[in-house]
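Student:
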Amino acid sequence: MANNSVMIIEDEEALAVLLKYNLEKEGYTVYIESRGNRAIAEIEKCQPSVIILDWMLPEMSGVEICKFVRSKPDIKNIPIIMLTAKGEEEDKIKGLTAGADDYVTKPFSVPELMARVKSQLRRAPEPNEQKELIFEDIRMDLVEKKVFRNENYIHLGPTEFRLLKMLMETPGKVFSREYLLKNVWGDNIYVESRTVDVHIRRLRKSLNEFGPDYIRTVRATGYSIDVHGAVENDDN
92 MANNSVMIIE DEEALAVLLK YNLEKEGYTV YIESRGNRAI AEIEKCQPSV IILDWMLPEM
152 SGVEICKFVR SKPDIKNIPI IMLTAKGEEE DKIKGLTAGA DDYVTKPFSV PELMARVKSQ
212 LRRAPEPNEQ KELIFEDIRM DLVEKKVFRN ENYIHLGPTE FRLLKMLMET PGKVFSREYL
272 LKNVWGDNIY VESRTVDVHI RRLRKSLNEF GPDYIRTVRA TGYSIDVHGA VENDDN
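The C-terminal residue of the sequence shown carries number 327 in our numbering, and the numbering is unbroken.
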């Protein structure tokens, strides 16, 4: 874990210090930034493994920072956990749509946040692990963490990448939202099932730019990937 680093972008000093203390106890290198307009430069400089990002910041909001990070090639794949006092579903969806991978509402327990940070850390593949997944015209490079469709590069956030990987590992299998929550977000992560729908919608939008829709929505059940995906799609 020594090589893992976390950037906390939070203007509430006491909370930032508390999180820094607990993260460093777990072996993380921790950076703190309190102002939105300085955060971008610090992210590009430090290249953290995970970003904990407060929604409300001086000068530049967390949503604006999130959108900016996702637009920059050198930092766009860094997982982002949005930290905010906003609890309405509409606000959560807004944060996720901006590019956040997870969403934690204040007040929260420190162990819960630690678990969410761990779940977002990307693990480099072991030497004996599969290096590539292919389904029809979609190819996943599991080493470089890249996705291509008909040789077109498709940018996916870390959570969408993990979702697609799970679907492509077993084409045709229907995964329930609960199963996806447990295996993509991790154990002891308190994420609503609606979060899965938001990320599937983002994944579908990215993939469908260069080809037909292979993600199948099975109503009241979950999702799969197969060649007849568009037949049973709902609004997700």
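Glycine residues also receive a C-beta, built at the ideal position from the N, C-alpha and C atoms.
As the structure is a prediction and not an experimental result, all values here were calculated from the model.
Smallest Cα separation from Ile99: which of Tyr112, Pro202, Thr120, Leu144?
Tutor: Counting from one through the sequence shown, the residue named residue 99 turns up at place 8. Nearest of Tyr112, Pro202, Thr120, Leu144 to Ile99, Cα basis: Leu144.
Student: How would you write the range of the alpha helix (DSSP H) that Leu144 sits in, first residue to last?
Tutor: Counting from one through the sequence shown, the residue named residue 144 turns up at place 53. Here Leu144 belongs to no alpha helix (DSSP H); instead the beta strand (DSSP E) covers 141-145.
Student: Using only alpha-carbon positions, find the residue among Ala189, Leu114, Leu204 that is nearest to Ser152.
Tutor: For the purposes of this step, residue 152 is taken as the residue at position 61 of the sequence shown. Of Ala189, Leu114, Leu204, the residue nearest in Cα terms is Ala189.
Student: For Leu174 versus Lys197, is the C-beta distance shorter than 9 Å?
Tutor: For the purposes of this step, residue 174 is taken as the residue at position 83 of the sequence shown. For the purposes of this step, residue 197 is taken as the residue at position 106 of the sequence shown. Contact flag set, yes.
Student: Contact check, Pro262 vs Asp317 under 8 Å by CB: the rounded distance?
Tutor: On the sequence shown, position 171 is the one that residue 262 refers to. On the sequence shown, position 226 is the one that residue 317 refers to. With 8 Å as the limit, Pro262 and Asp317 qualify as a contact, their Cβ atoms being about 6 Å apart.
Student: By DSSP, does Glu101 sit in helix, in strand, or in coil?
Tutor: As a working mapping, residue 101 is identified with position 10 in the sequence shown. Looking at Glu101 - three-state DSSP - the assignment turns out to be coil, as it is neither helix nor strand.
Student: How many Å lie between Ala215 and Glu223 at the Cα?
Tutor: Residue 215 sits at position 124 when you count from the first residue of the sequence shown. Residue 223 sits at position 132 when you count from the first residue of the sequence shown. Any reading at Ala215 is ruled out, since the residue's pLDDT is 39, under 50, leaving its predicted position unreliable.
Student: Reducing DSSP to helix, strand and coil, say where Asn327 ends up.
Tutor: Taking the sequence shown and counting its residues from 1, one reaches residue 327 at position 236. Unreliable positioning characterises Asn327 in this predicted model, as indicated by a pLDDT of 49, which lies under 50. The coordinate reading is nonetheless provided below. Note: Asn327 maps to coil in three-state DSSP.
Student: For Leu258, which residues of its own chain have a beta-carbon under 6 Å away from its beta-carbon, when the five flanking residues on both sides are left out?
Tutor: Within the sequence shown, residue 258 is the residue found at index 167, counting from 1. So the qualifying residues of the chain are Ile316.
Student: Return the bridge partner residues of Arg230 from the DSSP annotation.
Tutor: Here residue 230 is taken as the residue at index 139 of the sequence shown, counted from 1. DSSP, once it has assigned bridges, lists Ile225, Phe239 as partnering Arg230.
Student: Got a sec? Which residues, its chain only, sit under 8 Å from Met205 by beta carbon, not counting five neighbours each side?
Tutor: Against the sequence shown, residue 205 aligns to sequence position 114. Answer for Met205: Asn113, Leu114, Glu117, listed in chain order.
Student: Can you tell which of Gly127, Tyr270, Ile172 has the C-alpha that lies nearest to the C-alpha of Glu155?
Tutor: Here the question's residue 155 lines up with position 64 in the sequence shown. Ranking Gly127, Tyr270, Ile172 by Cα distance to Glu155 puts Gly127 first.
Student: Please return the same chain residues whose Cβ sits closer than 7 Å to the Cβ of Ser267, not counting the five positions on each side in sequence.
Tutor: Here the question's residue 267 lines up with position 176 in the sequence shown. So the list reads Thr312, Gly313, once near-sequence residues are dropped.
Student: Note down, in chain order, each residue of its chain lying with its Cβ closer than 8 Å to the Cβ of Ile122, except the 5 sequence neighbours on either side.
Tutor: Along the sequence shown, read from residue 1 onward, the residue named residue 122 stands at position 31. Note on residue identity: the sequence assigns Tyr, not Ile, to residue 122. So the qualifying residues of the chain are Ser96, Val97, Met98, Ile99, Glu133, Cys137, Pro139.
Student: Which one or two residues does DSSP pair with Leu247 in a beta bridge?
Tutor: For the purposes of this step, residue 247 is taken as the residue at position 156 of the sequence shown. Looking at the DSSP assignment, Leu247 forms no beta bridge with any residue, so it has no partner.
Student: Please report the distance separating the alpha-carbon of Lys167 from that of Leu247.
Tutor: Position 76 of the sequence shown holds residue 167. Position 156 of the sequence shown holds residue 247. Between Lys167 and Leu247, the C-alpha separation is close to 9 Å.
Student: Are the CB atoms of Arg295 and Ile184 nearer to each other than 9 Å?
Tutor: If you number the sequence shown from 1, residue 295 lands on position 204. If you number the sequence shown from 1, residue 184 lands on position 93. The answer is no: Cβ separation not under 9 Å.
Student: Measuring CB to CB, does Val201 end up less than 9 Å from Leu271?
Tutor: Here residue 201 corresponds to residue number 110 of the sequence shown, with the count starting at 1. Here residue 271 corresponds to residue number 180 of the sequence shown, with the count starting at 1. Cβ atoms of Val201 and Leu271: not closer than 9 Å.
Student: For Arg310, count the other beta carbons within 10 Å of its own beta carbon; 16 or more makes it buried, fewer makes it exposed. Which is it?
Tutor: For the purposes of this step, residue 310 is taken as the residue at position 219 of the sequence shown. Under this definition Arg310 is an exposed residue.
Student: On the CB-based measure, 16 or more other CB atoms within 10 Å of its CB, does Val234 come out buried or exposed?
Tutor: The residue labelled residue 234 in the question sits at position 143 within the sequence shown. Exposed, since its Cβ has fewer than 16 Cβ neighbours within 10 Å.
Student: According to the Cβ coordinates, are Pro170 and Ile142 closer than 9 Å?
Tutor: In the sequence shown, the residue the question calls residue 170 occupies position 79. In the sequence shown, the residue the question calls residue 142 occupies position 51. Contact: yes.
Student: Going by beta-carbon coordinates alone, are Leu212 and Leu255 separated by less than 9 Å?
Tutor: Numbered from its first residue, the sequence shown carries residue 212 at position 121. Numbered from its first residue, the sequence shown carries residue 255 at position 164. No, Cβ-Cβ distance for Leu212 and Leu255 is not below 9 Å.
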